[in-house]
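Accompanying notes for the structure given below.
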Amino acid sequence: MTLLEAPPYAPRRPAELLAELEGLTAHHLAGCAEFARCWPDWRPQGTLVALPFLHVGLFKRLRLVTQGPQLEHQRTLLSSATTGATPSMIVLDRHSSALQARSSAAILRDFLGPELRPLLVLDSARALLRRGEVTARTAAAMSLKPLASAIHFVLGDGEDPRSLDWAKVAEVAEGATGLLVYGFTSMLWRAWGSVEPPEGLRRVLRGQAIHFVHSGGWKRLEAERVTRERFDAALLAGAGAGSSVVDYYGLVEQVGIIYPQCEQGLRHVPLWAEVLVRDPHTLAPLATEAGQLQLLNVLSWGAPCHSVLTEDLGQLVPGACPCGRHGPRFRLLGRLPKAELRGCAHG
Amino acid sequence: MAEREQLSCYRSPRGTVALAWPGDLDALLAEWHALREVMCRTLPAAFTRDEWAYLVAFAARDQLEGVLVRAFGERVADAGAPDWVVRPRGRVAVWLPNNVSLLGPLLVIMLSLTGNEVELKSGSSADDLTAAFLAFARQHALAGGALGAALERIGRQAFGHDDPRQAALAAGARVRIVFGTSAAADAVHGLPHPTESAGFSFVERHSEAWIEVGAVDATTVDTLIKVFAIYGQAGCTSPRRVVLLDGEVAQALALRARLAERWRQVVRRDLPVHLASANVMARQLAAARGWDAVLVERHAAVLAVGGAELAPIEEPMTLLLSWATLEQAVARLPAHTQTVGYALAEGQRRPRWLPALYRSPVRRVVPLGQMHHFGAVWDGAEYWSSCFEWLEVR
Numbered sequence: 001m002t003l004l005e006a007p008p009y010a011p012r013r014p015a016e017l018l019a020e021l022e023g024l025t026a027h028h029l030a031g032c033a034e035f036a037r038c039w040p041d042w043r044p045q046g047t048l049v050a051l052p053f054l055h056v057g058l059f060k061r062l063r064l065v066t067q068g069p070q071l072e073h074q075r076t077l078l079s080s081a082t083t084g085a086t087p088s089m090i091v092l093d094r095h096s097s098a099l100q101a102r103s104s105a106a107i108l109r110d111f112l113g114p115e116l117r118p119l120l121v122l123d124s125a126r127a128l129l130r131r132g133e134v135t136a137r138t139a140a141a142m143s144l145k146p147l148a149s150a151i152h153f154v155l156g157d158g159e160d161p162r163s164l165d166w167a168k169v170a171e172v173a174e175g176a177t178g179l180l181v182y183g184f185t186s187m188l189w190r191a192w193g194s195v196e197p198p199e200g201l202r203r204v205l206r207g208q209a210i211h212f213v214h215s216g217g218w219k220r221l222e223a224e225r226v227t228r229e230r231f232d233a234a235l236l237a238g239a240g241a242g243s244s245v246v247d248y249y250g251l252v253e254q255v256g257i258i259y260p261q262c263e264q265g266l267r268h269v270p271l272w273a274e275v276l277v278r279d280p281h282t283l284a285p286l287a288t289e290a291g292q293l294q295l296l297n298v299l300s301w302g303a304p305c306h307s308v309l310t311e312d313l314g315q316l317v318p319g320a321c322p323c324g325r326h327g328p329r330f331r332l333l334g335r336l337p338k339a340e341l342r343g344c345a346h347g
Numbered sequence: 348m349a350e351r352e353q354l355s356c357y358r359s360p361r362g363t364v365a366l367a368w369p370g371d372l373d374a375l376l377a378e379w380h381a382l383r384e385v386m387c388r389t390l391p392a393a394f395t396r397d398e399w400a401y402l403v404a405f406a407a408r409d410q411l412e413g414v415l416v417r418a419f420g421e422r423v424a425d426a427g428a429p430d431w432v433v434r435p436r437g438r439v440a441v442w443l444p445n446n447v448s449l450l451g452p453l454l455v456i457m458l459s460l461t462g463n464e465v466e467l468k469s470g471s472s473a474d475d476l477t478a479a480f481l482a483f484a485r486q487h488a489l490a491g492g493a494l495g496a497a498l499e500r501i502g503r504q505a506f507g508h509d510d511p512r513q514a515a516l517a518a519g520a521r522v523r524i525v526f527g528t529s530a531a532a533d534a535v536h537g538l539p540h541p542t543e544s545a546g547f548s549f550v551e552r553h554s555e556a557w558i559e560v561g562a563v564d565a566t567t568v569d570t571l572i573k574v575f576a577i578y579g580q581a582g583c584t585s586p587r588r589v590v591l592l593d594g595e596v597a598q599a600l601a602l603r604a605r606l607a608e609r610w611r612q613v614v615r616r617d618l619p620v621h622l623a624s625a626n627v628m629a630r631q632l633a634a635a636r637g638w639d640a641v642l643v644e645r646h647a648a649v650l651a652v653g654g655a656e657l658a659p660i661e662e663p664m665t666l667l668l669s670w671a672t673l674e675q676a677v678a679r680l681p682a683h684t685q686t687v688g689y690a691l692a693e694g695q696r697r698p699r700w701l702p703a704l705y706r707s708p709v710r711r712v713v714p715l716g717q718m719h720h721f722g723a724v725w726d727g728a729e730y731w732s733s734c735f736e737w738l739e740v741r
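So the protein lines, in turn, are chains D and L. Counted from 1, the first sequence has number 71 at position 71 by the numbering used here; the numbering is strictly sequential. For the numbering used here, count along the second sequence from 1 and bump the result up by 347.
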């Protein structure tokens, strides 16, 4: 796994990446019958755009697993963005989990530094108690685990931003030399960004470098006319010097690969991953136009999650980034617009 | 002030019928017909071109007269001493499904002919064409004419299933017509309602296209595409499955190839990107489950060929193609089957295999191109004529 040994945004090694992805594809074709039935005629063609993929929606309908020597499947992650939604079924294995943990740690260190800090998760600890099932936001929070000295769930009710346990926050903050705070974008705003912490705690927090990390999208906040600038300013106003707000994008189907936003507002692709943009009506690759994102990585061995066509829109941005990171970068443009098929059936 | 009743007369097998209608029914038919000229010049933003074209055809005078003739018999100038006097029954309440398509506008037209007060209820989150059609018809109806008066009797509300207005609607209706899930229909009919009122439930349905091998020609291919593409699997009258009668896999694959080749000529518009993407997923799901599935150009649909042993693919724009003997096709019909749309080899006016369906769950057997045609009898129920009371005269 030589790619994963390099820094995430080092100069690209395209031949190596292609070889690894083609090898991984062959592994999944041999070990996953459903994947093989989707791509019966595939042969390596020496190009990334020809690599097979699975549509993200397939993981909500099928439990996809790849069998192979030395693959030890641990459990199936049932993950949904919202309560009641059909969950994705992501099969986890020991080998991939180790790679995924290394990957997310390397990416996060690049943005947040190597220090370990207490992680405050804006969710309820009850989210962890459902056996074999975890919400998308809990899975997202757990991707920060490699940078956490300890993890504290600080909501009494995972759906209620007013249930934030400020006393717990104070208790953790008092003894810390920096904090990591993770929440879904809308929850981070409602529980923390849009409220005043208790008087005594405000002084403590202003003395702390706090890294606010969030994911999940802006749709709910757009309805409330909360801009990114207002969001960041509100969070940083109550935090100390060296604090930051990091918005990242990722899929539960691609555990271990996250795409934090850089200072330029763009997402960078780590050395062991790739992003393609495709025309939704033809799947033709798009160089600079907006289209459907396909995410690839070399980490997923126990299930064919290595190449996923998402329902998200994005746009590749050419050229070098002033932030100094190498490799492809893209602008995330949100979800594919939904329009229900009108019928006379019943729903 | 109530409009003065006018009589129109019909001769039915059970005797002469005088329809006592609150106003000028002939003028109403003429004004619906005339509205079509305006419709042909204007396409409201809420409608697709196909939807609007269907409404234009539906509002034609001969089509609407056919509804009356089917219910009451042949129109005659004078019934003399009638054997029956038919009059509007009273307020009609309609519960529309959430993903309402043309159903609301079609019911506006149909129920306007009953002379009753009508209240159409949509879901609070419905993408509802009813309001758009009512607004259009009211705007373009002749001032002081019969159509305007008929539309005055029609109301439309939108609210959720737990809204207190739900109970008021049921309590005040002489006829309840519910489109939706079985649970929704049970809930509505379980509300307090007048003892002598009538209730109709139109719940989840499945439809199929049965195509004889000898009937596969250019017309059948184009008709099948049109019938499926308008609603996909979201339509209860859409063919979820195509059965090639007495066919085999090679013929199903050949039909699939013809459909794929013609699809974009017949349906030129692109699907919304979300549905185009869903089709990529559906193609993979079908393949993973053993179907031989292909995407139509520009992801307009998924065409999946497979045998009866395969689990159906329930995705919006996936058309399943299979083959069967007549006996197998009948045996595989789900209990909630509504429509079988047929394409017949030459020389048949009605399917020669019709008797095989007499004891099946099927409610409608119609030509392929008429699968979506809405009428006064639906799912085998005479809901439209039940909007009248029959006064026996001897």
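Virtual Cβ for every residue (Gly too), placed ideally from N, Cα, C.
- Near chain L, meaning a CB-to-CB distance below 7 Å, the residues of the stretch 26-42 of chain D are Glu34, Arg37, Cys38.
- Taking 9 Å as the cut-off between beta carbons, the residues of the stretch 613-625 of chain L near chain D are Asp617, Leu618, Pro619, Val620, His621, Leu622, Ala623, Ser624, Ala625, in sequence order.
- For Leu376 (chain L), the enclosing alpha helix (DSSP H) has its first and last residue at 372-388.
- Under a 10 Å Cβ-count criterion, Lys468 (chain L) is classified as buried, with 16 or more other Cβ atoms of the shown protein chains found around its own Cβ.
- Within the DSSP bridge table, the entry for Leu332 (chain D) names D:Gly314 as partners.
- For Gly451 (chain L), the uninterrupted alpha helix (DSSP H) segment begins and ends at 450-459.
- Restricting attention to alpha helix (DSSP H) runs no shorter than 4 residues, the stretch 482-512 of chain L encloses them at 493-499, ordered along the chain.
- In the three-state DSSP reduction, Trp737 (chain L) falls in the strand class (E or B).
- In the DSSP assignment, Asp533 (chain L) forms no beta bridge with any residue.
- Between the stretch 649-669 of chain L and the stretch 627-634 of chain L there are three or more inter-stretch CB-CB distances shorter than 8 Å, so the stretches are counted as touching.
- The C-beta separation of Ile456 (chain L) from Phe405 (chain L) comes to about 6 Å, placing the pair in contact by the 8 Å criterion.
- Below 8 Å, enough C-beta pairs join the stretch 681-688 of chain L and the stretch 709-718 of chain L to call them touching: three or more.
- DSSP places Gln717 (chain L) within a helical segment (H, G or I) once states are collapsed to three.
- Nearest CB-CB separation between Leu293 (chain D) and chain L: not below the 8 Å threshold.
- Chain D places no beta carbon closer than 8 Å to that of Met718 (chain L), leaving this residue out of the contacts.
- Counting along the chain, the unbroken beta strand (DSSP E) around Met89 (chain D) starts and ends at 88-93.
- For Glu22 (chain D), the uninterrupted alpha helix (DSSP H) segment begins and ends at 14-31.
- Any Cβ of chain D closer than 8 Å to the Cβ of Gly637 (chain L) would place that residue at the interface, and such an atom is present.
- In this structure Arg335 (chain D) is exposed. Its beta-carbon is surrounded by fewer than 16 other beta-carbon atoms within 10 angstroms.
- For Thr282 (chain D), a Cβ of chain L is located within less than 8 Å of the residue's own Cβ.
- The CB of Ala479 (chain L) never comes closer than 7 Å to any CB in chain D; the least such distance is about 12 Å.
- Boundaries for Tyr401 (chain L): no beta strand (DSSP E) harbours it, while the alpha helix (DSSP H) harbouring it runs 396-405, taken from the DSSP string.
- Note: Ser194 (chain D) is not bridge-paired with any residue in the DSSP secondary-structure output.
- Here Tyr357 (chain L) is buried: its Cβ has 16 or more other Cβ atoms, across all protein chains shown, within 10 Å.
- The alpha helix (DSSP H) runs of length 4 or more contained entirely in the stretch 110-169 of chain D are, from start to end of the chain, 136-142.
- Each residue's CA atom was taken as its position, placing Asp312 (chain D) and Leu333 (chain D) some 7 Å apart.
- Contact annotation: Trp272 (chain D) and Leu4 (chain D) have beta-carbon atoms nearer than 8 Å.
- Chain-order list of chain D residues neighbouring Val627 (chain L): His55, Leu283, Leu309, by C-beta distance under 8 Å.
- In this structure, His540 (chain L) lies away from Ser548 (chain L), with their beta-carbon atoms at least 8 Å apart.
- Straight through space, the alpha carbons of Pro118 (chain D) and Ala173 (chain D) are spaced by roughly 8 Å.
- When DSSP reads this structure, Phe526 (chain L) sits in a beta bridge with L:Phe549.
- For Arg645 (chain L), the closest Cβ of chain D is nearer than 8 Å.
- Using a 10 angstroms sphere on the CB of Gln580 (chain L), the tally of other CB atoms reaches 16 or more, which defines it as buried.
- Spatial neighbours of Val613 (chain L) in its own chain (CB-CB distance under 8 Å, excluding positions within 5 residues in sequence) are listed in chain order as Asp569, Ile572, Lys573, Ala576.
- Where Thr47 (chain D) is concerned, there is no enclosing beta strand (DSSP E), because DSSP gives it neither an H nor an E.
- His380 (chain L) places its beta carbon 8 Å or farther from that of Ala400 (chain L).
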